[in-house]
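Below: one structure, written as structure tokens.
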Amino acid sequence: MPTPPAPTPSASSAPAARAAGASETGRRTGALSGGSPRLALLFLTPALVLLLVFLVYPTAYTLVRSLFDARGDEFVGLDNYATAFTDDRTLVALRNNVIWVVVAPSLVTSIGLVLAVLIERVRWATAFRLVMFMPLAISLVASGIIFRLVYDEDPDRGLVNAVAVSVHDAFSQASPYPGVRPREGGGLVAQPDGAMVTTARFGPDAVLALPLTGYDPATLPQQASAAVPAEPGLGVRGLVWLDVGGADDRPGQLDADERGVPGVAVEVLSGGRVVATATTGDDGRFTAPDLPAGDYALRLPAHNFAEPFRGLTWLGPALITPVIISAWLWVMAGFAMTLIAAGLAAIPRDAQEAARVDGATEWQVFRRVTVPLLSPVLVVVLVTLVINVLKVFDLVFVIAPGSAQEEANVLALQMWQVSFGSGGGDQGLGSALAVLLFLLVAPAMVFNVRRFKGDRS
Amino acid sequence: MRAFRIVAVAAAAVVLAGCTTSAGHSAPPGADVDLSGQRIEVAAVWSDDEQASFERVLDEFERQTGAEVTYVSGGDELPTVLSTRLVGGAPPDVAIVSQPALVHSMAVDGALVPLDAATDALISEQFRPVWKEWGTVDGTLYGFVFKASNKSTVWYDADQLGEDFVPPADWDAFIDLLRTRSDIGGAPLSVGGADGWTLTDWFENVYLQTAGAQMYDKLAEHEIPWTHDSVRVAMETLGRAFQPQFMPGGRASALQTEFADSVVNVFGDDPKAEIVFEADFVAGVIAESTSATVGQDALFFPFPSVGDTSSVITGGDTVVALTDRPATTALVRFLASSQAADIWVERGGFISPNREVELDGYPDETTRRIADDLVNARNVRFDMSDLMPTSLGATRGDGFWRAMQDYLGDPDRLPQILSDLEAEAGAAYARR
Numbered sequence: 001m002p003t004p005p006a007p008t009p010s011a012s013s014a015p016a017a018r019a020a021g022a023s024e025t026g027r028r029t030g031a032l033s034g035g036s037p038r039l040a041l042l043f044l045t046p047a048l049v050l051l052l053v054f055l056v057y058p059t060a061y062t063l064v065r066s067l068f069d070a071r072g073d074e075f076v077g078l079d080n081y082a083t084a085f086t087d088d089r090t091l092v093a094l095r096n097n098v099i100w101v102v103v104a105p106s107l108v109t110s111i112g113l114v115l116a117v118l119i120e121r122v123r124w125a126t127a128f129r130l131v132m133f134m135p136l137a138i139s140l141v142a143s144g145i146i147f148r149l150v151y152d153e154d155p156d157r158g159l160v161n162a163v164a165v166s167v168h169d170a171f172s173q174a175s176p177y178p179g180v181r182p183r184e185g186g187g188l189v190a191q192p193d194g195a196m197v198t199t200a201r202f203g204p205d206a207v208l209a210l211p212l213t214g215y216d217p218a219t220l221p222q223q224a225s226a227a228v229p230a231e232p233g234l235g236v237r238g239l240v241w242l243d244v245g246g247a248d249d250r251p252g253q254l255d256a257d258e259r260g261v262p263g264v265a266v267e268v269l270s271g272g273r274v275v276a277t278a279t280t281g282d283d284g285r286f287t288a289p290d291l292p293a294g295d296y297a298l299r300l301p302a303h304n305f306a307e308p309f310r311g312l313t314w315l316g317p318a319l320i321t322p323v324i325i326s327a328w329l330w331v332m333a334g335f336a337m338t339l340i341a342a343g344l345a346a347i348p349r350d351a352q353e354a355a356r357v358d359g360a361t362e363w364q365v366f367r368r369v370t371v372p373l374l375s376p377v378l379v380v381v382l383v384t385l386v387i388n389v390l391k392v393f394d395l396v397f398v399i400a401p402g403s404a405q406e407e408a409n410v411l412a413l414q415m416w417q418v419s420f421g422s423g424g425g426d427q428g429l430g431s432a433l434a435v436l437l438f439l440l441v442a443p444a445m446v447f448n449v450r451r452f453k454g455d456r457s
Numbered sequence: 001m002r003a004f005r006i007v008a009v010a011a012a013a014v015v016l017a018g019c020t021t022s023a024g025h026s027a028p029p030g031a032d033v034d035l036s037g038q039r040i041e042v043a044a045v046w047s048d049d050e051q052a053s054f055e056r057v058l059d060e061f062e063r064q065t066g067a068e069v070t071y072v073s074g075g076d077e078l079p080t081v082l083s084t085r086l087v088g089g090a091p092p093d094v095a096i097v098s099q100p101a102l103v104h105s106m107a108v109d110g111a112l113v114p115l116d117a118a119t120d121a122l123i124s125e126q127f128r129p130v131w132k133e134w135g136t137v138d139g140t141l142y143g144f145v146f147k148a149s150n151k152s153t154v155w156y157d158a159d160q161l162g163e164d165f166v167p168p169a170d171w172d173a174f175i176d177l178l179r180t181r182s183d184i185g186g187a188p189l190s191v192g193g194a195d196g197w198t199l200t201d202w203f204e205n206v207y208l209q210t211a212g213a214q215m216y217d218k219l220a221e222h223e224i225p226w227t228h229d230s231v232r233v234a235m236e237t238l239g240r241a242f243q244p245q246f247m248p249g250g251r252a253s254a255l256q257t258e259f260a261d262s263v264v265n266v267f268g269d270d271p272k273a274e275i276v277f278e279a280d281f282v283a284g285v286i287a288e289s290t291s292a293t294v295g296q297d298a299l300f301f302p303f304p305s306v307g308d309t310s311s312v313i314t315g316g317d318t319v320v321a322l323t324d325r326p327a328t329t330a331l332v333r334f335l336a337s338s339q340a341a342d343i344w345v346e347r348g349g350f351i352s353p354n355r356e357v358e359l360d361g362y363p364d365e366t367t368r369r370i371a372d373d374l375v376n377a378r379n380v381r382f383d384m385s386d387l388m389p390t391s392l393g394a395t396r397g398d399g400f401w402r403a404m405q406d407y408l409g410d411p412d413r414l415p416q417i418l419s420d421l422e423a424e425a426g427a428a429y430a431r432r
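Respectively, the protein sequence lines represent chains W and U. So for the first sequence, my numbering puts the first residue at 1; every next one is plus one. So for the second sequence, my numbering puts the first residue at 1; every next one is plus one.
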């Protein structure tokens, strides 16, 4: 079996791996050379001391601390763990961690695999790999700030929304009066879809006056003229006017200098069905032709007033976790690609060649030969990424705005906030969360350590 | 009446300041002890300009007493720095902390040294009584506010609102102002809803006015529940301002806007709004991030009153002593005096709650008015979220902050939001 290159262990598993290596080396020296155990001890001491001081003691202390209260002087048993599992925030964090572990590492490994296989075939492979690897050289906090901007809601700042808005605007027309709303108590109410409908029903010869507001009178079209109340006559007649900018500012009343709103589409409804349409003139008046006797309502459809498209709220509660995962993907894809590319270089080419000679398509070669041969590397990359994902903290902290932090929360962040966040907190509960996180990481770490051992023997 | 009071206070301040300065040279607060060779360490959150100004204050103390004072900036992590150093048994001699809740917990833990009688007397004489309460834990005075902020200022862009703009006299006029500005197509009110603390400041200002100071104190101590009717009334009053048509981009955008952006949205080169509410430090953001000039196009009016009393929400940094050495006592007493405050007042970016600080000493008209409002307001109350346990009142995306964000996002959920908040408050105060 080909030996995959030992991947760079992630920070958290490095000491463990080193420790495993150290003890093994010690054992072998003793067994093979028959040298004095004292000498072995001498060489081992520095590593052991470091291990004890920086890993064993903190771990043990965290475990003990998690059984005490916030101040650290009262033993509370497993209360902190009970609190952790009944606290909504921790549960959301746990749920998000599960999403992260399920989605992120496999996504990054797949993308890394595809990139590695494709880039192998291009001429400037090294240059491509370099570019793909570069995000890893940027600190996660800096990456977070970059993505915070990329996903900013304001299309003037956020790249994603800027693109979304230009694509959207290329295909759909802007409404003539964005943001206009009915004057409160003026006879119209806004519907959830943005249309405005009259509150009262009326007959076929009604005369209506419909005040609108929320629009700068200075930006009305040139041809808009002074609003004139509609005269009674045949059909439904009415006036749609902008109830601001008059000499007096009486809400709901037609004042001198107030102008009509030209070009507004008007629909007359009967039982929810459109029975007539009209458009307002320059003075804001409209007439819907003769209608049979009956009860009618009037609607100003949404396309008159729709706000310009401003993109999506990427950093809102709904999308925040996928958005942060995408940032992590940008950072880590290069890492996965590099490791997989190294593994790819080490697999025997004759298997692929043989498959091609036998008439396999490229997809079949990839699916049935390359991937199985690479599987040991893929597993190591995946497990390393799982460990990395469980300790994700900075990206979440930086990218999620305060109003979406609860929805974006992960265990590592929750642990920090509980222990140290804003004004010194509850380090008992924080320690309990740390232990929880440790338990979640442990299986992946054990797996990786075993793997390294297996590779070596 | 009000004008008369200001004149009277200013006159009193001038007279008193005259006394302290003339007396100051002969007997400054710390000069009765010779502290040469003594080393004192002070820890606070200030860095950069604020650190430079504070060091000037310390220089004066060094000059008078011969002691050597080292300043350590803990930044925003000061609480963590302090708790670590307390555990390690080597606390700084004096700490200046922003959270009264931290003063409370340190006092309960026995980490603080009560102020001596002379300092106590000095504070009683130079501060209004309400300031003394915030430094008192279980009847013992542990600290005083050295640097205060006025969290009841509403800032507006005078260029956009026009020359004949008259600041609204009360809440109804304020809502009317927002309505008329939005009727002509604007979105006048910039709300920094991504930061929960800006929203809690809104609520506190309204609550202090609609419910009164006594209820405010009760709510801060959780003696009345968050489901209390007064809370609902205040929220609904506030809800009249938090209308989607008043805010650029509506509710969702407000929740994505951070405090600094909310200021830039008003005073930046491409303004999206006209009015922004927050504390006096908005002036700092305006100076730093926009081309507007405070006092010319960037002006403020006091938070519009709902009732008929003037009230101010304040925040501030509290001086506490962590050791009982004579040098520590002397420094704390010095910092309590108007003499120490005067030094920083002159340099700007500082408001002292000390009544003997001369208003004329403030470097510009805007700061002077902010200080005047703060020192002379009928009702002054400390920022409620700072008085709460930090897990409730100062955690991103949780507790009080989160509740206000939820309310801004969807006011129809108010009963649910308040009952959730009450449940969290119950747990948080129980742990305290």
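We put the CB at the ideal spot given by N, CA and C, even for glycine.
Excluding sequence positions up to five away, which residues of its chain have a Cβ less than 8 Å from the Cβ of Leu-460 (chain W)?
This structure cannot settle anything about residue 460 (chain W), because the visible part of chain W is limited to 1 through 457.
Is it right to say Lys-147 (chain U) is buried, meaning 16 or more other beta carbons lie within 10 angstroms of its own, or is it exposed?
buried
Bridge partners - Pro-401 (chain W), DSSP secondary structure assignment
Bridge partners of Pro-401 (chain W): none, in fact.
Less than 8 Å between CB atoms is the rule here; does Thr-280 (chain W) satisfy it with respect to chain U?
no
I'd like to confirm the pairing. Which residues does DSSP put opposite Tyr-71 (chain U) in its beta bridges?
U:Val-42
Identify the contact partners of Glu-362 (chain W) in chain U, using a Cβ-Cβ distance below 7 Å as the criterion.
Neighbours of Glu-362 (chain W) on chain U: none; closest Cβ ~45 Å, over 7 Å.
Give, in chain order, every residue of the region 150 to 177 of chain W whose Cβ lies closer than 7 Å to some Cβ of chain U.
Glu-153
Continuous beta strand (DSSP E) stretch holding Trp-241 (chain W): start and end
236 to 242
CB contact check: Ser-253 (chain U) to chain C, cutoff 8 Å:
The structure shown contains no chain C; its protein chains are W and U.
For the beta strand (DSSP E) holding Asn-150 (chain U), just list the boundary residues, first then last.
143 to 150
Separation of Glu-62 (chain U) from Ala-318 (chain W), as counted between CA atoms:
56 Å
Would you check if the region 174 to 181 of chain U and the region 374 to 389 of chain U touch, i.e. whether three or more CB-CB distances between them fall below 8 Å?
no
Considering only C-alpha positions, which residue in the set U:Asp-138, U:Ile-417, U:Ala-117 is nearest to Asp-109 (chain U)?
U:Asp-138
Leu-411 (chain W) burial status per 10 Å Cβ neighbour count (16 or more: buried):
buried
Excluding the 5 residues preceding and the 5 following Gly-239 (chain U) in the sequence, name in chain order all residues of the same chain whose CB lies nearer than 6 Å to its CB.
Pro-411
Three-way DSSP call (helix, strand, coil) for Ser-311 (chain U) in this model:
strand
Determine the chain W residues that contact Ala-194 (chain U) at a beta-carbon separation under 9 Å, and present them in chain order.
Leu-315, Pro-401, Gly-402, Ser-403, Ala-404
Please check if any C-beta of chain W sits within less than 8 Å of the C-beta of Gln-416 (chain U).
no
Under the rule that 16 or more other beta-carbon atoms within 10 Å means buried, what is Ala-278 (chain W), buried or exposed?
buried
In angstroms, rounded to a whole number, what distance separates the CA positions of Val-240 (chain W) and Glu-231 (chain W)?
13 Å
Rank U:Phe-334, U:Trp-344, U:Thr-318, U:Asp-157 by C-alpha distance to the C-alpha of Glu-55 (chain U) and give the top, closest one.
U:Trp-344
Are the C-beta atoms of Ala-227 (chain W) and some chain U residue less than 8 Å apart?
no
Near-chain U residues of the region 204 to 220 of chain W - C-beta to any C-beta below 9 Å:
Thr-213, Gly-214, Tyr-215, Asp-216, Pro-217, Ala-218, Thr-219
Residues of chain W with a CB under 7 Å from the CB of Gly-239 (chain U): which are they?
By Cβ distance, chain W contributes nothing, its closest Cβ being about 15 Å from Gly-239 (chain U), past 7 Å.
Contact check, Ala-227 (chain W) vs Arg-259 (chain W) under 8 Å by CB: the rounded distance?
6 Å
Contact criterion: CB-CB distance below 8 Å. Does Arg-89 (chain W) meet it with respect to chain U?
yes
Name the DSSP beta bridge partners of Tyr-296 (chain W), please?
W:Phe-202
Any beta carbon of chain U sitting closer than 8 Å to that of Gly-428 (chain W)?
no
Would you tell me roughly how many angstroms separate the C-alpha atoms of Gly-158 (chain W) and Pro-322 (chain W), rounded to the nearest one?
17 Å
Would you say Gln-223 (chain W) lies against chain U (beta-carbon separation less than 8 Å)?
no
For Asn-379 (chain U), report the span of its beta strand (DSSP E) as first-last.
379 to 382
Can you have a look at Phe-301 (chain U) and say buried or exposed, based on whether 16 or more other CB atoms are within 10 angstroms of its CB?
buried
When you compare the CB of Ala-70 (chain W) with every CB in chain U, is at least one pair closer than 8 Å?
yes
Would Phe-174 (chain U) and Pro-304 (chain U) be called neighbours here (beta carbons separated by less than 8 Å)?
yes
Under a Cβ-count criterion, where at least 16 other Cβ atoms within 10 Å of its own Cβ denotes burial, should Lys-151 (chain U) be classed as buried or exposed?
buried
So for Ala-430 (chain U), helix, strand or coil by DSSP?
helix
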